[in-house]
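Trainee:
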Amino acid sequence: MDLNLTAFETAIKTFLDNLAKEDEMFAKNYAKPNKSISECCKYIFQQVEKNRKNNERCVACTDEEVYGLAIHYYDEDDIVVDGPKNKVEDIQHAPTPEKTTAKSKETKPRKSKSAKTDPDLPDSLEIPLF
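Residues in the sequence shown are numbered consecutively from 1, following the UniProt record's numbering.
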């Protein structure tokens, strides 16, 4: 097993290895020298990217869709893989502000509203517990 495979490539390879053991017809296609797991995964990414609508940021696919694309990649000989065309953006960080000696705003003391009490109540209420 190739140690340079990503987790996604490993999952696809494991699925295709098991399928090739069960299906002789697919095993012939899977053994084609012009096909590779990394190219297969690029093809899957390329097809999923085509399914994005209105500049959506993410796309969800079922396992069956992904594995179906992998099988299709090995079945067809005329597939051209360009790879995903993801945009890489360099985000500039805001410059660190220098310490300023500007006066900070003075906070005004807040006036607390006192709760209105009944004038008929005595100042101290002693309530017996028992």
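The beta-carbon is built from N, C-alpha and C at its ideal position, and this holds for glycine as well.
Going by CA-CA distance only, name the one from Ser36, Thr6 and Asn51 that's closest to Tyr74.
Mentor: Minimum Cα distance to Tyr74 is reached at Ser36.
Trainee: Which two residues bound the contiguous alpha helix (DSSP H) that contains Val48?
Mentor: Unbroken alpha helix (DSSP H) run through Val48: Ile37 to Lys50.
Trainee: When you compare the CB positions of Ile44 and Ala27, do they come within less than 8 Å of one another, or not?
Mentor: No.
Trainee: Considering only the beta carbon of each residue, do Ile12 and Cys58 sit closer than 8 Å?
Mentor: For Ile12 and Cys58, no; Cβs fall outside 8 Å.
Trainee: Can you say whether Ala31 is buried or exposed, counting buried as having 16 or more other CB atoms within 10 angstroms of its CB?
Mentor: With fewer than 16 Cβ atoms within 10 Å of its Cβ, Ala31 is classed as exposed.
Trainee: Compute the distance between the beta-carbons of Tyr67 and Phe8, then report whether it is under 8 Å.
Mentor: For Tyr67 and Phe8, no; Cβs fall outside 8 Å.
Trainee: For Pro29, collect the residues of the same chain with a Cβ closer than 7 Å to its Cβ; drop the 5 residues on either side in sequence, then sort them by chain order.
Mentor: The residue you asked about is not Pro; residue 29 is Asn in the sequence shown. Taken in chain order, the residues that qualify are Tyr74 and Asp75.
Trainee: What are the start and end residues of the alpha helix (DSSP H) that includes Val66?
Mentor: First-last of the alpha helix (DSSP H) with Val66: Asp63 to Asp75.
Trainee: Keeping to the same chain, check which residues put their C-beta closer than 7 Å to that of Asp82; ignore five residues upstream and five downstream.
Mentor: Hits under 7 Å: Gln46.
Trainee: Spatial neighbours of Ala20 within its chain, please: C-beta separation below 7 Å, excluding the five flanking residues on both sides.
Mentor: Here the set comprises Phe26, Ala27 and Tyr30.
Trainee: On the DSSP letters alone, give me the boundaries of the alpha helix (DSSP H) that Leu19 sits inside.
Mentor: Taken as a continuous stretch (DSSP letters only), the alpha helix (DSSP H) holding Leu19 covers Ala7 to Glu22.
Trainee: Can you give me the C-alpha to C-alpha distance between Asn18 and Arg52, rounded to a whole angstrom?
Mentor: Taking the straight line from one Cα to the other gives about 30 Å.
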